[in-house]
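To start, the structure itself, in structure tokens.
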Amino acid sequence: MSTLLTRLGVRPRPGVGRAVAAAPFVLLALYLVARGWCYPLWPDTIGALGHPFTPDPLLGQAWGGPTLVGAWAVHAALALAMQAVCVGALRLIYPRRP
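Taking our numbering as reference, the numbering of the sequence shown is continuous, increasing by one, and the terminal residue is 184.
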């Protein structure tokens, strides 16, 4: 593959492959921050901000619902677990130098 790229005149910079491999994990981690940690601020739950500890009909089918606090706690816990996986993958891609 590299000889084909060399024949075509393509000389990628060192580390481009690792950056491409890391991009999905970085994007997933950013998405998880927005969707998991900031869950109460999304438009579908903003109406429940005034009463986070009481049941809300909008959150009846939410993970951890029917209260906003329960739904947020479950979303945040899942986001934290998935972010740990993303950080682990990034550590494998970019190991620490001694």
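All residues carry an ideal CB built from backbone N, CA and C; glycine is no exception.
With 16 as the cutoff for other CB atoms within 10 Å, does residue i come out buried or exposed?
i: Y180; result: exposed
i: Y125; result: buried
i: L118; result: buried
If we ignore side chains and look at the alpha-carbon of each, how far apart do residue i and residue j end up?
i: T140; j: A157; result: 12 Å
i: L176; j: P129; result: 31 Å
i: T131; j: G122; result: 13 Å
i: G133; j: G103; result: 44 Å
i: M168; j: L178; result: 16 Å
i: L135; j: L127; result: 8 Å
Which of the three DSSP states is assigned to residue i in this structure?
i: G101; result: coil
i: T92; result: helix
With contact counted as at least three CB pairs below 8 Å, one residue from each stretch, are the segment 99-111 and the segment 151-169 in contact?
no
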